[in-house]
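These protein sequence lines map, in sequence, to chains A and B.
Sequential numbering from 70 applies to the first sequence in my numbering.
Sequential numbering from 70 applies to the second sequence in my numbering.
Virtual Cβ for every residue (Gly too), placed ideally from N, Cα, C.
Keep in mind that this is a model prediction, so the values were computed, not measured.
Take a look at the structure below.
2 protein chains.
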Amino acid sequence: MSGAPAVVLLSGGLDSATVLALATEQGYACHALSFDYGQRHDAELVAAKRVASTVGAASHRVMRIDIGAFGGSALTDAAIAVPDDGGDGIPVTYVPARNTVFLSCALGLAETLKARELFIGVNAVDYSGYPDCRPAFIAAFEALANLATRAGVEGHPFHINAPLIAMTKAQIIETGMRLGVDYSITTSCYRADGEGRACGHCDACRFRKQGFAAAGIADPTRYVGANL
Amino acid sequence: MSGAPAVVLLSGGLDSATVLALATEQGYACHALSFDYGQRHDAELVAAKRVASTVGAASHRVMRIDIGAFGGSALTDAAIAVPDDGGDGIPVTYVPARNTVFLSCALGLAETLKARELFIGVNAVDYSGYPDCRPAFIAAFEALANLATRAGVEGHPFHINAPLIAMTKAQIIETGMRLGVDYSITTSCYRADGEGRACGHCDACRFRKQGFAAAGIADPTRYVGANL
Chain A
70 MSGAPAVVLL SGGLDSATVL ALATEQGYAC HALSFDYGQR HDAELVAAKR VASTVGAASH
130 RVMRIDIGAF GGSALTDAAI AVPDDGGDGI PVTYVPARNT VFLSCALGLA ETLKARELFI
190 GVNAVDYSGY PDCRPAFIAA FEALANLATR AGVEGHPFHI NAPLIAMTKA QIIETGMRLG
250 VDYSITTSCY RADGEGRACG HCDACRFRKQ GFAAAGIADP TRYVGANL
Chain B
70 MSGAPAVVLL SGGLDSATVL ALATEQGYAC HALSFDYGQR HDAELVAAKR VASTVGAASH
130 RVMRIDIGAF GGSALTDAAI AVPDDGGDGI PVTYVPARNT VFLSCALGLA ETLKARELFI
190 GVNAVDYSGY PDCRPAFIAA FEALANLATR AGVEGHPFHI NAPLIAMTKA QIIETGMRLG
250 VDYSITTSCY RADGEGRACG HCDACRFRKQ GFAAAGIADP TRYVGANL
């Protein structure tokens, strides 16, 4: 933890746990940032805390931010059901402007900590089609960050690192296994129960299951019920 | 309030009150959004509520977001004094990534409300030199917004309106007076007391005072003490 500081967005899911391990391997002192945003799967935050501790983050903050109050997403609005299959196009689990809000907060923390590197576990291969997971979004945010901040203007540019963006879910899992990530403590499911057990059927569960199968690695996920 | 919806960032200061009046004049149903972010001048929020009500906003939300916990600014960290004169360069009253965070939240709300227009009262003439008040920042955020969101991707682009950006403070005040804005209920001061009375000496007070003087309009600001 003696390296340069970095801010790592940590949801408690499989992807962000892998990113935290990658950034740590690269020598950064990783300051993990999670959000309590009214998500229905708040087992995520329990997982995030465990992951930050296990991987050895330099710090872990949980920031409360009430974007859930806006509604408009199955992940934050109990009136909208999470479907088994998100289908074509952008699914109802999309949370308006979520990654923009999360990266903006990470940017503020990074500037305060004098960190130049931000890490986010977005992925544009085995993913739900969210617009704020694509390379063009990441590039646009980096450009914005360097116009928006004192550090950017004064010649200390920020870099938005999205090391998983072009990986398949299987490649992400293989990377994490190589780095010793314990995926049994991560929670990806959109409908996880109070103990973090996964439904096995939502988009997030399906991509995750398929990833373990494609990587030929036994799936350590704790599922609700018996034989999923 | 029967027009198209718009989201207007409302701090409770002179600039954002003027923007709310302008957007209302243009026929938008204005949804005002304020932030409780740990700012030391929380008299702002009292002023924002009054302004939203007086100008006739369609709704007014106050969103709690703990960017103040990051520190790094005289506006959110009691350990850093607010100076009388911010001096050259970016002053200590700069809050890391503040307008990026605020616009990101406004974007999420706008997408949920199906609003395409966002309004922000930034100004790059009589201002404190903050990087996130410049035209290049606004343009970069608009580009980001249309990559980040379902609405942007599906061909319903957002516009970030910054109608004050090239005005002098005097021109802003003249515009507001024409629209009937009651500036006596706005609070701009970085060190306002519990009743919203201004110090008369900080950057925000100086720009505001000079604006009324240049516009030849009696300054309705309530100042702490007697003869400021």
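Any beta carbon from chain A within less than 8 Å of residue i's own beta carbon?
| i | result |
| --- | --- |
| Arg-260/B | no |
| Ile-134/B | yes |
| Asp-111/B | no |
| Ala-150/B | no |
| Ala-116/B | no |
| Ala-267/B | no |
| Ala-126/B | no |
| Ala-217/B | yes |
Identify, in the order they occur along the chain, each residue of the same chain with its Cβ nearer than 7 Å to the Cβ of residue i, setting aside the five sequence neighbours on each side.
| i | result |
| --- | --- |
| Pro-204/B | Ala-193, Ile-234 |
| Asn-215/B | Gly-221, Pro-226, Phe-227 |
| Tyr-292/B | Arg-266, Ala-267, Gly-269 |
| Ala-284/A | Ala-239, Ile-242, Glu-243 |
| Thr-93/B | Cys-99, Val-124, Gly-125 |
| Ile-286/A | Ile-242, Met-246 |
Could you tell me whether the Cβ of residue i comes closer than 8 Å to any Cβ of chain B?
| i | result |
| --- | --- |
| Ser-103/A | no |
| Asn-296/A | Below a pLDDT of 50, predicted positions are generally treated as unreliable, and Asn-296/A, at 48, falls in that range; the measurement from the model is reported next regardless. No, its Cβ sits nowhere closer than 8 Å to a Cβ of chain B. |
| Pro-226/A | no |
| Cys-99/A | no |
| Ala-212/A | yes |
| Phe-139/A | yes |
My understanding is that residue i touches residue j, with C-beta atoms under 8 Å, so please give their C-beta distance in whole angstroms.
| i | j | result |
| --- | --- | --- |
| Asp-111/A | Arg-167/A | Actually they do not touch by this definition, with Cβ atoms about 15 Å apart. |
| Gly-72/B | Glu-113/B | The pair is not a contact, with the Cβ atoms about 27 Å apart (cut-off 8 Å). |
| Glu-243/A | Ile-229/A | Between Ile-229/A and Glu-243/A the Cβ distance is about 24 Å, and since that is not below 8 Å, they are no contact. |
| Pro-298/A | Glu-180/B | No answer is possible for residue 298/A: the residues shown for chain A start at 70 and end at 297. |
| Val-250/A | Ala-150/A | 31 Å between Cβ atoms; not a contact. |
| Leu-213/A | Thr-169/B | 7 Å |
Just tell me which of the options has its CA closest to the CA of residue i.
| i | options | result |
| --- | --- | --- |
| Tyr-259/A | His-225/A, Asp-84/A, His-270/A, Ile-136/A | His-270/A |
| Phe-171/A | Gly-224/A, Asp-105/A, Ala-282/A | Asp-105/A |
| Asp-153/A | Ala-116/A, Arg-247/A, Ala-267/A | Ala-267/A |
| Leu-176/B | Gly-245/A, Gln-279/A, Ser-257/A, Phe-139/A | Phe-139/A |
| Thr-237/A | Asp-262/A, Phe-281/A, Leu-248/A, Arg-219/A | Phe-281/A |
| Glu-186/B | Ala-284/B, Ile-286/B, Gln-95/B | Gln-95/B |
| Ala-208/B | Pro-232/B, Ser-197/B, Gly-224/B | Pro-232/B |
| Leu-178/B | Thr-218/B, Tyr-196/B, Asp-195/B, Ser-197/B | Thr-218/B |
| Asp-262/A | Leu-182/A, Ala-92/A, Gly-294/A | Gly-294/A |
| Gly-245/B | Ala-184/B, Tyr-97/B, Gly-190/B | Gly-190/B |
| Ala-184/A | Tyr-97/A, Ala-273/A, Lys-278/A, Glu-264/A | Tyr-97/A |
| Ala-273/B | Glu-223/B, Gln-279/B, Ser-257/B | Ser-257/B |
Which residues in the same chain as residue i place their Cβ atom closer than 8 Å to its Cβ, once the five residues preceding and following it in sequence are excluded?
| i | result |
| --- | --- |
| Leu-89/B | Val-77, Leu-79, Cys-99, Ala-101, Val-120, Ala-121, Val-124, Ala-126, Phe-188 |
| Asp-135/B | Tyr-106, Gly-107 |
| Met-132/B | Leu-102, Ser-103, Phe-104, Asp-105, Cys-174 |
| Thr-255/B | Gly-81, Gly-82, Leu-83, Ala-86, Ala-116, Val-120 |
| Leu-45/A | Because chain A in this structure spans residues 70 to 297, residue 45/A falls outside the shown range and cannot be described. |
Closer than 6 Å by C-beta to residue i: which residues in its own chain qualify, once you throw out the five before and the five after it? Chain order, please.
| i | result |
| --- | --- |
| Pro-289/B | Tyr-252, Ser-253 |
| Ala-117/B | Leu-79, Gly-81, Ser-103 |
| Pro-160/A | Ser-197 |
| Leu-91/A | Pro-232 |
| His-129/B | Ala-101, Ala-121 |
| Phe-276/B | Asp-195, Lys-238 |
| Gly-224/B | none |
| Glu-264/B | none |
Using a Cβ-based criterion (distance less than 7 Å to any ligand heavy atom), does residue i qualify as near the ligand FAD?
| i | result |
| --- | --- |
| Ala-282/A | Among the ligands in the structure shown, none appear at all, so the ligand FAD cannot be discussed. |
Closest Cβ-Cβ distance between residue i and chain E: below 8 Å?
| i | result |
| --- | --- |
| Gly-285/B | Given the protein chain composition of this structure (A and B), no chain E is represented. |
Residues, ordered as in the chain, of the region 161-188 of chain A that lie near chain B by beta-carbon distance below 9 Å: Tyr-163, Val-164, Pro-165, Ala-166, Arg-167, Asn-168, Thr-169, Val-170, Phe-171, Leu-172, Ser-173, Cys-174, Ala-175, Leu-176, Gly-177, Leu-178, Ala-179, Glu-180, Thr-181, Leu-182
Between the region 193-210 of chain A and chain B, which residues of the former have CB atoms less than 9 Å from a CB of the latter, in chain order? Tyr-199, Pro-200, Asp-201, Arg-203, Ala-205, Phe-206, Ala-208, Ala-209, Phe-210
Interfacial residues, the region 70-92 of chain A to chain B, with Cβ spacing under 7 Å: none
Check distances from the C-beta atoms of the region 219-246 of chain A to those of chain B and list, in chain order, the residues that come in under 9 Å. Arg-219, Ala-220, Gly-221, Val-222, Glu-223
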